[in-house]
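Reviewing the structure listed below.
In the working numbering, the protein residues as written are 34 to 258.
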């Protein structure tokens, strides 16, 4: 089997799939597309016009395309060794529910980091704090979501917490100050090789450039500090 991840260099949902592939220990190639100028070949194979896509070429040479990060991650879990979901069905369902919760956190992250409007961003910051309080109650002793073992739910939250290095860089308020277990989880995830390797070396600079393009209030705050 051959795997090609169709990607955008800043997309956190792509990072989920890249982390899962790395944790599974399989080789894959990565092809970035410009989502502001989507090529025809990409539109032809992406029903929603979004990334990630995973092109899977089987032993017969036939290529199949999967879309949506959750579907891609579950396919990898079902077909490759090194399981990332708990063996227990109830725990597995709980992890899947928290993965969906992670998508909501990403939405708040996006609003908070790119909004021009300080009031709108403040509401997103409050929403993030509320969600992190929920996560604080759900976490155990760590270092990962379910304990000592890295799981697929951790692959979802790695891209969430990658934003926080950038928040620190621009002097944003500490949104994890009231949730120490979440803060420890953040550090454990960002130290994981698969999470580190899910983005290119210039990722942070490109995110900051995108925030500048979006006229993010965070950069105004940094200039005023």
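Positions of the beta carbon are idealized from the N, C-alpha and C atoms, including for glycine. As the structure is a prediction and not an experimental result, all values here were calculated from the model.
- Distance between residue 214 and residue 196, taken at the CA atoms: about 18 Å.
- Using a Cβ distance threshold of 8 Å, residue 251 and residue 189 do not count as a contacting pair.
- In the three-state DSSP reduction, residue 123 falls in the helix class (H, G or I).
- Of all alpha-carbon atoms in 168, 123 and 205, the one lying nearest the alpha-carbon of residue 217 is that of 168.
- When DSSP states are grouped into helix, strand and coil, residue 47 belongs to the helix group.
- Listed in chain order, the non-local C-beta contacts of residue 229 below 8 Å within the same chain comprise 223, local neighbours out to five positions each way being set aside.
- Rounded to the nearest whole angstrom, the C-alpha separation of residue 152 and residue 145 is 10 Å.
- Around the beta carbon of residue 212, a 10 Å sphere encloses 16 or more other beta carbons of the protein chains shown; the residue is thus reported as buried.
- Annotation for residue 149: 247, 248, 249 and 250 place their beta carbon closer than 8 Å to its own, counting only its chain and skipping 5 residues before and after.
- Judged by DSSP in its simplified three-state form, residue 165 adopts helix.
- Per the C-alpha coordinates, the member of 128, 201 and 40 positioned closest to residue 233 is 40.
- In summary, residue 97 is exposed, with fewer than 16 beta-carbon neighbours lying within 10 Å of its beta-carbon over all protein chains present.
- Judged by their CB atoms, residue 109 and residue 57 are nearer to each other than the 8 Å cut-off.
- Counting other Cβ atoms within 10 Å of its Cβ, residue 141 reaches 16 or more and is therefore classed as buried.
- The alpha carbon of residue 60 has as its nearest neighbour, out of 128, 50, 155 and 175, the alpha carbon of 50.
- Residue 61 sits in coil when the DSSP states are folded into three classes, being neither helix nor strand.
- The Cβ atoms of residue 184 and residue 117 sit closer than 8 Å to each other.
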